[in-house]
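These notes are about the structure you will find just below.
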Amino acid sequence: MLGLTIINVEITANTSGGVFSTQIPFSSGLNVIRAENSSGKSTCVNAIAYGLGLEAILGPGRKRPFPKSLYEEIYDNKVDKNPYFVSGSSVCITIKNSKNQKAVLTRDILGHDNKVKVNVKDTIKDYFLGSSGEVGSAKSERGFHNWLAEYIGWVLPSVVTFDGKETKLYLETIFPLFFIEQKRGWSEIQANIPTQYGIQNVKKSAAEYCLGIDSFEHNKKLSRLKSQIDKSKEEWGSLQTSSEGIADYNSVRINKLIDIDKHEGSQSIEFSYLENDVYISVEEQEKSLNKLIENISKEVEAATVDNDKVNSQLGIIRVMRREFEEASNSIESLLLSVSEIDGKLSTLRHDFDQYQQLRRLKSVGSDISADLETNKCPICESDLFDTLSSSTVKRQPMTLEENIEFLKNQIDFFGSIKQRSLSDLQELQSKAKLLRAKLEIEQERLKELRADQNDVNGVARGKIREKLVAEIQLRNVVKLKEIQEEINEQAERIFNSWKTASDSLKLARKNAHVADRGLVIRKLEGIIKANLTSFGFNPTSISSVSISPQSLRPEQEGYDIVAETSASDYIRIIWSYTLALLELAGVEHEIKHGGFVVFDEPRQHEASKISFSSLIKKASETKSFNGQVIFATSLDREELEKACGQLEVNVNYYDDYILTLNTIENAGDES
Amino acid sequence: MQDDNKIKAVISDKAYPVPIEMRPLWRICLIVTSIAVVSGDKKFLDSKKVNILVWMLIRKKRWEEYEKYLLGRTNDIPLVSVDTATYKAVEFSIAKGFVLLKDGRVHLTDSGQDLHEILVKNEIMQDEMSFLHQVGKKLTGNKIKGLTGGLL
Numbered sequence: 003m004l005g006l007t008i009i010n011v012e013i014t015a016n017t018s019g020g021v022f023s024t025q026i027p028f029s030s031g032l033n034v035i036r037a038e039n040s041s042g043k044s045t046c047v048n049a050i051a052y053g054l055g056l057e058a059i060l061g062p063g064r065k066r067p068f069p070k071s072l073y074e075e076i077y078d079n080k081v082d083k084n085p086y087f088v089s090g091s092s093v094c095i096t097i098k099n100s101k102n103q104k105a106v107l108t109r110d111i112l113g114h115d116n117k118v119k120v121n122v123k124d125t126i127k128d129y130f131l132g133s134s135g136e137v138g139s140a141k142s143e144r145g146f147h148n149w150l151a152e153y154i155g156w157v158l159p160s161v162v163t164f165d166g167k168e169t170k171l172y173l174e175t176i177f178p179l180f181f182i183e184q185k186r187g188w189s190e191i192q193a194n195i196p197t198q199y200g201i202q203n204v205k206k207s208a209a210e211y212c213l214g215i216d217s218f219e220h221n222k223k224l225s226r227l228k229s230q231i232d233k234s235k236e237e238w239g240s241l242q243t244s245s246e247g248i249a250d251y252n253s254v255r256i257n258k259l260i261d262i263d264k265h266e267g268s269q270s271i272e273f274s275y276l277e278n279d280v281y282i283s284v285e286e287q288e289k290s291l292n293k294l295i296e297n298i299s300k301e302v303e304a305a306t307v308d309n310d311k312v313n314s315q316l317g318i319i320r321v322m323r324r325e326f327e328e329a330s331n332s333i334e335s336l337l338l339s340v341s342e343i344d345g346k347l348s349t350l351r352h353d354f355d356q357y358q359q360l361r362r363l364k365s366v367g368s369d370i371s372a373d374l375e376t377n378k379c380p381i382c383e384s385d386l387f388d389t390l391s392s393s394t395v396k397r398q399p400m401t402l403e404e405n406i407e408f409l410k411n412q413i414d415f416f417g418s419i420k421q422r423s424l425s426d427l428q429e430l431q432s433k434a435k436l437l438r439a440k441l442e443i444e445q446e447r448l449k450e451l452r453a454d455q456n457d458v459n460g461v462a463r464g465k466i467r468e469k470l471v472a473e474i475q476l477r478n479v480v481k482l483k484e485i486q487e488e489i490n491e492q493a494e495r496i497f498n499s500w501k502t503a504s505d506s507l508k509l510a511r512k513n514a515h516v517a518d519r520g521l522v523i524r525k526l527e528g529i530i531k532a533n534l535t536s537f538g539f540n541p542t543s544i545s546s547v548s549i550s551p552q553s554l555r556p557e558q559e560g561y562d563i564v565a566e567t568s569a570s571d572y573i574r575i576i577w578s579y580t581l582a583l584l585e586l587a588g589v590e591h592e593i594k595h596g597g598f599v600v601f602d603e604p605r606q607h608e609a610s611k612i613s614f615s616s617l618i619k620k621a622s623e624t625k626s627f628n629g630q631v632i633f634a635t636s637l638d639r640e641e642l643e644k645a646c647g648q649l650e651v652n653v654n655y656y657d658d659y660i661l662t663l664n665t666i667e668n669a670g671d672e673s
Numbered sequence: 277m278q279d280d281n282k283i284k285a286v287i288s289d290k291a292y293p294v295p296i297e298m299r300p301l302w303r304i305c306l307i308v309t310s311i312a313v314v315s316g317d318k319k320f321l322d323s324k325k326v327n328i329l330v331w332m333l334i335r336k337k338r339w340e341e342y343e344k345y346l347l348g349r350t351n352d353i354p355l356v357s358v359d360t361a362t363y364k365a366v367e368f369s370i371a372k373g374f375v376l377l378k379d380g381r382v383h384l385t386d387s388g389q390d391l392h393e394i395l396v397k398n399e400i401m402q403d404e405m406s407f408l409h410q411v412g413k414k415l416t417g418n419k420i421k422g423l424t425g426g427l428l
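Chains as they are written, first to last, in my numbering: chain A, 3 to 673; chain B, 277 to 428.
Here is the structure:
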């Protein structure tokens, strides 16, 4: 498919002395701009690239692709020495696409050169060139290259840069296939392809895109798969390191992990504990710990103390203590009673003694016996009871003898009570002694029971501690098991990812050449060989010329054609290749071509006149498929006219500077 | 309550025992001995002193307490009060002729002296006499005032 047709190119320079301009109409087929050297031919053809925002294809001087006549000063003719100072200059090109949609593109040369004014059906829009912020002209909606690609009907593919990033295959990388500028263009096919974008295999990529056999998606896929494989390997390495770290931290052994690409099938990570010189798995360790905890629980239950014995012994001791206390109280009370009896007895004995003294007095006091009688009042001789107490009843006190007898009886009575009390006391004391002895025995027994209890508790405590340790271990084991499962899930995921990517990569590599690129290459090769024959290429060498399936460029017996051919033959190769691409695109819809070919000074290195005539002829034939070829040449007018002969060629002759004052009237003759 | 534990009240006019100090002769002997031992050759004592000495003599269990006070070993004043039985006994003694009451003093008569000697000879009231010998003379007017508060 042919992308564009150039309809008209207009270059304008505003100067202090007026407007210099030129307007060159183009048609399909061959268009020739003939002028002497330094007249502005290259300016005219370069204006096409510039107007399309593709000055990058003009080589290193692309930032200022025009002579100073469009920037600084311009002369009316080659004889005139009076310069006109340029205040502004611009290019305006009229193009149409494969849908016959016209567009007028205007771009300043001196002025705002980073925008292109696009007029489609009288709708004018400005588009920027270069980059605006982070998004470039090819990607932004308001980017001119984005507009141009869309206008041509191309969907530019994404390609991989040397940094591994994706970027678009820029228009500047494709158009060097169609635009052969004068200075560097004839040195090599795609001589002026810009490399600053860092696109991998940029020349091949551009040719592939043009020939419709692009493997961009394939390459991208390969790159993506490789990156996926690398990522998987990296993840596998991290997993190895982290697993080893976990094993170290938990003091367990880990099975040796082999690199992901050196192992058949997925590898699982297994931690193992060293128990009695044998390595056991996490699962086995968990089982064995569970069993151990169960056994310890049983032992702890068995070792639980029977408190009933102790409680019963405490009950016995309590009863005995109460009995002992009761006995003690009774003893106390008896002792008190005995003491009271003693007091009473003492008083009685004292009284008894005094009464006996009184009786003795009475018995010995015969001398004064009469005076000692107290039965009658010594004053009134009335009866007197033998007492000093006041008596209100007529009840007599005991006589002396009676009182003595009474006291004796009292002494005997209390004496017997005392005796009985002492006997009771003795009995009670014996009982208390016995109780105390028994109590001591029972207390001793309690002590023993408690000691037993402590022993049992000690055993239980040890067991519980053991259980606790086992439970902590189990918790760690369960945690490690979970980690192991998690790691294995990750390992499987990584392996699957690697395996899928790896298998896909192998398959993709195997299928790399399946596309019918061979057919396209053969067609291209056929046209090139036919062209070479027409252009007088060394006939013996034509058969050895082929298109490299790798580089998609002509080669000779597998070697670079530049080294093997003469300069003029190499020019022919470039003519053939460039025109072959145009021809192929004219007939094959899949081939994406800019639609026009520009040769600036195609008769470089003095290619023979016959060859040049053949070139003119071949180029003029492109009209048959609406192809467009634009030559800029300084060939003699006569020679050119002769070469063109009866051919349908649009030739613009200029005898002086192409840009002139009052341009329209001074436009070149058209043949 | 069981029948065995029932107490039956019995009213009887049976002779009752009398403490020795309430026997007139015993108290007369105490009065005579007090004067004989404590007064020395004077053979008479203030009636208050007689009263107090008899009060003390018939309370043998408190002799230690009285002794401490009379010897000035304590400032605690023992209880001493009016004992009408002693007044009666003094009157008895006067009627029997063992003592005389003169100028508020109780004088020992010869008969009283004889009675005292019989007591000594027959080793009667030896404890009482020993007490009187030991502390009897310490019962001064001041001590009597301290004991009675000047009421007696």
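The beta-carbon is built from N, C-alpha and C at its ideal position, and this holds for glycine as well.
DSSP lists 163(A) as the bridge partner or partners of residue 201(A).
Restricting attention to beta strand (DSSP E) runs no shorter than 3 residues, the region 118 to 161 of chain A encloses them at 125 to 130, ordered along the chain. For residue 27(A), the enclosing beta strand (DSSP E) covers residues 20 to 27. 400, 401, 402, 404, 405, 408, 409, 412: these are the residues of the region 400 to 412 of chain A whose beta carbon lies less than 9 Å from some beta carbon of chain B, given in chain order. If you ignore the 5 residues before and after residue 344(B), its C-beta comes within less than 7 Å of the C-beta of 350, all in its own chain and listed in chain order. Counting other Cβ atoms within 10 Å of its Cβ, residue 312(B) reaches 16 or more and is therefore classed as buried.
A distance below 7 Å between beta-carbons, with the five flanking residues on each side excluded, links residue 195(A) to the following residues of its chain, in chain order: 175, 178, 204, 205, 208.
The Cβ atoms of residue 357(A) and residue 307(B) do not sit closer than 9 Å to each other.
Secondary structure in the region 421 to 491 of chain A: no beta strand (DSSP E) run of 3 residues or longer lies completely within the stretch. Straight through space, the alpha carbons of residue 663(A) and residue 20(A) are spaced by roughly 7 Å.
At least 9 Å separates the beta-carbon of residue 406(B) from that of residue 304(B).
In terms of Cβ geometry, residue 140(A) and residue 173(A) form a close pair [threshold 9 Å]. Under the criterion of beta carbons closer than 8 Å, residue 655(A) and residue 639(A) qualify as touching, at roughly 6 Å. CA-CA distance, residue 255(A) to residue 271(A), rounds to 10 Å. Annotated three-state conformation of residue 345(B) is helix, per DSSP. Per the coordinates, the alpha-carbon of residue 326(A) lies some 22 Å from the alpha-carbon of residue 451(A). Taking 8 Å as the upper bound for CB-CB distance, residue 588(A) and residue 624(A) are in contact here, some 7 Å apart. Straight-line measurement puts the Cα of residue 546(A) at about 15 Å from the Cα of residue 538(A).
When CB distances to chain B are screened at a threshold of 8 Å, the residues of the region 338 to 353 of chain A falling below it are 352, 353, in chain order.
Per the C-alpha coordinates, the member of 492(A), 410(A), 322(A), 9(A) positioned closest to residue 95(A) is 9(A).
Along the region 291 to 309 of chain B, going in chain order, the ones with a CB nearer than 9 Å to a CB of chain A are 291, 292, 293, 294, 295, 296, 297, 298, 299, 300, 301, 302, 303, 304, 305.
Across the set 391(A), 352(A), 419(A), the C-alpha of 419(A) shows the shortest separation from the C-alpha of residue 337(A). In summary, the residues of the region 383 to 402 of chain B whose CB is separated from some CB of chain A by less than 9 Å are 387, 390, 391, 394, 395, 397, 398, 399, 400, 401, 402, in the order they occur in the chain. Exclusion of the five residues before and after residue 43(A) leaves 35, 37, 634 as the residues of its chain whose Cβ lies within less than 6 Å of its Cβ. Closest option to residue 464(A), judged by alpha-carbon separation, among 310(A), 266(A), 301(A): 301(A).
Nearest CB-CB separation between residue 311(A) and chain B: not below the 9 Å threshold. Contact residues of the region 413 to 428 of chain A toward chain B are absent (C-beta to C-beta distance below 9 Å).
Distance from the CA atom of residue 342(A) to the CA atom of residue 312(A), rounded to whole angstroms, is 44 Å. Here the region 239 to 259 of chain A does not lie against the region 504 to 514 of chain A, with fewer than 3 beta-carbon pairs under 8 Å apart.
Counted as a single uninterrupted DSSP element, the stretch harbouring residue 552(A) is not any beta strand (DSSP E), since DSSP gives it neither H nor E. 9 Å or more divides the Cβ of residue 583(A) from the Cβ of residue 46(A). DSSP places residue 579(A) inside the alpha helix (DSSP H), whose first and last residues are 569 to 589.
Secondary structure in the region 235 to 315 of chain A: the beta strand (DSSP E) runs of 3 residues or longer, each lying completely within the stretch, are 273 to 277, 280 to 283 in chain order. Under a 10 Å Cβ-count criterion, residue 165(A) is classified as exposed, with fewer than 16 other Cβ atoms of the shown protein chains found around its own Cβ. Using a CB distance cut-off of 9 Å, residue 435(A) does not count as an interface residue toward chain B. At a cut-off of 9 Å between C-beta atoms, residue 365(B) counts as an interface residue with respect to chain A.
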